[in-house]
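A.B. asks: First the structure, then my questions, so here it is.
Numbering (our numbering), first residue to last: 908 to 1337.
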């Protein structure tokens, strides 16, 4: 009965036989297979149910026949069945551990690469700005009282400026935040910092260093394969007497006497001579205007905001998209998008006229700023206004260089006669 029960339990074609060596699976003879199948089709065996007693490693068979209840058959389970189940479980565990281990290894490798890339971008900034001091972001935050509104001293199209005290330098500074985000590894920024730091002249605002706020989060850290953006900061010396625009146009500001104005004109001219003629390669400012001319307590003028400056080789024209302040831009630049030194000369001429004049008058004496109350040197006033008009010639070829302009102011050397619009057009037509 035990063999018959085993045959019904496992297969209609095979049975288990107990031997001294253990359980053995044997195939039933064909006749016995046919006999067993006929019993099943005839309904003589209606149900085969099993129960599991794990602690005894035994299976209990209940074979219910058509008539009556069969006795309970209790027989040991062949060990091969249990071994097969354990093998499957082991394989599942091994596969799961292998996949999990592989994922952990990949994650660790990715983290190491992310860390290496993260440090590499920082070193790239340091390498690109070699020789220029870099300040930690937390140092700038501490110096400016977390960039508070109380410390804000200015804002423009390209950045906000906060004053602060850097303990690392032991002095007050102006921290300019570049509003335009910069991608890490941006060569333009490296070039700008190098250009500004090497421009050393008493009438230029000195660059003391730079800083960066790197936006750290787990997504940016892990997704190192994409370029990240960072906030950039330039640290300048603090020039704490406001800008020229404030002193010229705000009622609350102290009225600048003519002697101070004339000195400011020469200070700006000296700064531009240095940028255009003493620097190799020369530098274009491209945003000369009163708000970019800072004054110290002795009313010495310093040209600021080199965020728009560009370098160019001698004899070349610097081409780029039009930037700067529209009211002070050379009309030819707005048409062609090409900048050269004469573009800065045009803006310089407009600033001269703004320093000296008021609008809608016909003679040099009448166009002088009425806040001067007539207290000015008429000859100096005449030369400043004449030079301003000469610098603002519509055609770049008609404008003087900065060396010629400063020679006219300082040495009283003559300038060519101021060309009229029709003269300019006739020359261009020839």
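Backbone N, C-alpha and C fix where the C-beta goes; we use that ideal spot for every residue, glycine too. Source: prediction; values computed, not measured.
Residue 1193: buried (16+ other C-beta within 10 angstroms of its C-beta) or exposed?
C.D. replies: buried
A.B. asks: Quick check on this structure: which residue in 1110, 1006, 1319, 1295 has the alpha carbon closest to the alpha carbon of residue 1199?
C.D. replies: 1110
A.B. asks: Would the beta-carbon of residue 1175 fall within 8 Å of that of residue 1251?
C.D. replies: no
A.B. asks: Let me confirm a value: residue 1204 is counted as buried when at least 16 other C-beta atoms fall within 10 Å, else exposed. Which label applies?
C.D. replies: exposed
A.B. asks: Is residue 1243 buried or exposed, if buried means 16 or more other CB atoms sit within 10 Å of its CB?
C.D. replies: exposed
A.B. asks: Apply the 10 Å Cβ neighbour rule to residue 854 and answer buried if 16 or more other Cβ atoms are within range, or exposed otherwise.
C.D. replies: Outside the shown range of the chain, which is 908 to 1337, sits residue 854, and nothing can be said about it.
A.B. asks: I'd like the list of long-range same chain contacts for residue 1145, defined as Cβ closer than 6 Å, with 5 residues on each side in sequence excluded.
C.D. replies: 1070, 1079, 1080, 1081
A.B. asks: How big is the Cα-Cα spacing for residue 1151 and residue 1202?
C.D. replies: Distance between the alpha carbons of residue 1151 and residue 1202 is about 7 Å.
A.B. asks: By a C-beta neighbour count over all protein chains shown, 10 Å radius and 16 as the cutoff for buried, is residue 1309 buried or exposed?
C.D. replies: Burial call: buried.
A.B. asks: Can you give me the C-alpha to C-alpha distance between residue 1210 and residue 1042, rounded to a whole angstrom?
C.D. replies: 23 Å
A.B. asks: Between which residues of its own chain and residue 1171 is the CB-CB distance below 6 Å, once the five residues before and five after are set aside?
C.D. replies: 1208
A.B. asks: Going by DSSP, what residue range makes up the alpha helix (DSSP H) through residue 1338?
C.D. replies: This structure does not reach residue 1338, given that the chain is present from 908 up to 1337, and the question cannot be answered.
A.B. asks: By a C-beta neighbour count over all protein chains shown, 10 Å radius and 16 as the cutoff for buried, is residue 1178 buried or exposed?
C.D. replies: buried
A.B. asks: When the Cα atoms are used, what is the spatial distance from residue 1014 to residue 1003?
C.D. replies: 17 Å
A.B. asks: What would DSSP say about residue 1071, mapped onto helix, strand or coil?
C.D. replies: strand
A.B. asks: Can you tell me which of 1212, 1183, 1277, 1278 puts its alpha carbon nearest to the alpha carbon of residue 1311?
C.D. replies: 1183
A.B. asks: On the premise that residue 1292 lies in contact with residue 1274, defined as a C-beta separation below 8 Å, what is that separation, rounded to the nearest angstrom?
C.D. replies: 7 Å
A.B. asks: From which residue to which residue does the alpha helix (DSSP H) around residue 1242 run?
C.D. replies: 1238-1243
A.B. asks: With which residues is residue 1138 paired in a DSSP beta bridge?
C.D. replies: 1120
A.B. asks: Roughly how many whole angstroms lie between the Cα atoms of residue 1287 and residue 1169?
C.D. replies: 8 Å
A.B. asks: To the nearest angstrom, how far is it from the Cα of residue 1083 to the Cα of residue 1235?
C.D. replies: 22 Å
A.B. asks: So is residue 1053 buried or exposed if we call it buried at 16+ other beta carbons inside 10 Å?
C.D. replies: exposed
A.B. asks: Using 8 Å as the limit for Cβ to Cβ distance, is residue 1305 near chain D?
C.D. replies: In the structure shown, chain D does not exist; there is a single protein chain.
A.B. asks: Report, in whole angstroms, the separation of the C-beta atoms of residue 1097 and residue 1119, which I expect to be a contact under 8 Å.
C.D. replies: 12 Å between Cβ atoms; not a contact.
A.B. asks: Taking the alpha carbon of residue 1076 as the reference point, which residue from 1040, 1060, 1058, 1279 has its own alpha carbon closest?
C.D. replies: 1040
A.B. asks: For residue 1072, which residues in the same chain have their Cβ closer than 7 Å to its Cβ, ignoring the five residues on either side in sequence?
C.D. replies: 1050, 1079
A.B. asks: Cα-Cα, which of 1180, 1276, 1061 is closest to residue 1255?
C.D. replies: 1180
A.B. asks: Please report the straight-line C-alpha distance between residue 1100 and residue 1048, rounded to a whole angstrom.
C.D. replies: 20 Å
A.B. asks: If contacts are defined as beta-carbon pairs under 8 Å, then residue 1294 and residue 1259 qualify, I think. What distance do you get, rounded to the angstrom?
C.D. replies: By a beta-carbon distance limit of 8 Å, residue 1294 contacts residue 1259. Their separation comes to about 6 Å.
A.B. asks: Just the Cα atoms here: how many angstroms apart are residue 1317 and residue 1161?
C.D. replies: 27 Å
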